[in-house]
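Numbering (my numbering), first residue to last: 503 to 671.
Ideal Cβ placement from N, Cα and C applies to all residues, glycine included.
Computed from a predicted structure; not experimentally measured.
Encoded structure:
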């Protein structure tokens with residue numbers, strides 16, 4: 503089992519669609535140092551696919567506001583848009599401000615993690631062998647198996663250098 507690509511559009515269909523802007527539907531105050539969902543809407547009546555990727559614009563509608571990259575359903579009248587205020591004071595987003603651009607979503611990548619049912623150290627990535635050896639001594643057999651499975655499955659996202667691991671502690 504590995505990654506699976508689920509195509510949403512063919513390359514031929516992709517040429518029929520264009521990028522469109524997502525605008526703020528109403529005036530909104532974003533509280534300081536917070537994340538919230540605001541109402542947005544597509545600016546255009548162009549033919550667009552059912553799903554699109556919203557990518558925030560570099561010049562946000564208000565200084566200090568970030569717009570999250572997200573998959574949106576373009577068939578909805580109101581698009582929920584996640585915004586983050588990085589500042590210590592509230593920020594205003596005016597109705598009609600451009601929040602980002604909606605690009606056609608071409609495919610969805612489904613990830614199926616490979617789970618290994620073994621406590622053997624040869625399944626643990628090399629950069630995690632020391633963690634494995636030191637930790638397994640204090641664990642029961644079933645816990646050792648579970649730890650080996652976790653290290654083998656998610657080892658590629660854990661730091662690969664001892665110095666990096668020590669910096670994070």
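Discussion item. Taking only three categories from DSSP, how would you classify residue 593?
Written reply: The answer is strand: DSSP assigns residue 593 an E or B state.
Worksheet item: Got a sec, what are the start and stop residues for the alpha helix (DSSP H) residue 631 sits in?
Response: For residue 631, the enclosing alpha helix (DSSP H) has its first and last residue at 631-638.
Worksheet item: Excluding five sequence neighbours on each side, which residues of the same chain lie with their C-beta closer than 8 Å to the C-beta of residue 577?
Response: Once the five neighbours on either side are set aside, the close Cβ partners of residue 577 are 552.
Fill in: Per DSSP, the bridge partner or partners of residue 536
Residue 536 pairs with 587.
Worksheet item: When we look at the beta-carbon of residue 628 and count the other beta-carbons within 10 Å, is it buried (16 or more) or exposed?
Response: For residue 628, the number of other beta carbons within 10 angstroms of its own is below 16, and it is reported as exposed.
Worksheet item: Helix, strand or coil: which one does DSSP assign to residue 642?
Response: Per DSSP, reduced to three states, the secondary structure at residue 642 is coil, with no helix or strand assignment.
Worksheet item: If you run the structure through DSSP and keep just helix, strand and coil, what is residue 647?
Response: Annotated three-state conformation of residue 647 is helix, per DSSP.
Worksheet item: Are the CB atoms of residue 556 and residue 574 nearer to each other than 8 Å?
Response: In contact: residue 556 and residue 574 (Cβ atoms closer than 8 Å).
Item to complete: Please name the residue, chosen from 545, 633, 532, 530, that lies closest to residue 604 on a Cα-to-Cα basis.
Response: The shortest C-alpha to C-alpha distance from residue 604 to any of 545, 633, 532, 530 is the one to 545.
Discussion item. Among the candidates 640, 554, 641, whose CA atom is the shortest distance from the CA of residue 583?
Written reply: Comparing C-alpha distances from residue 583 to each of 640, 554, 641 shows the shortest one belongs to 554.
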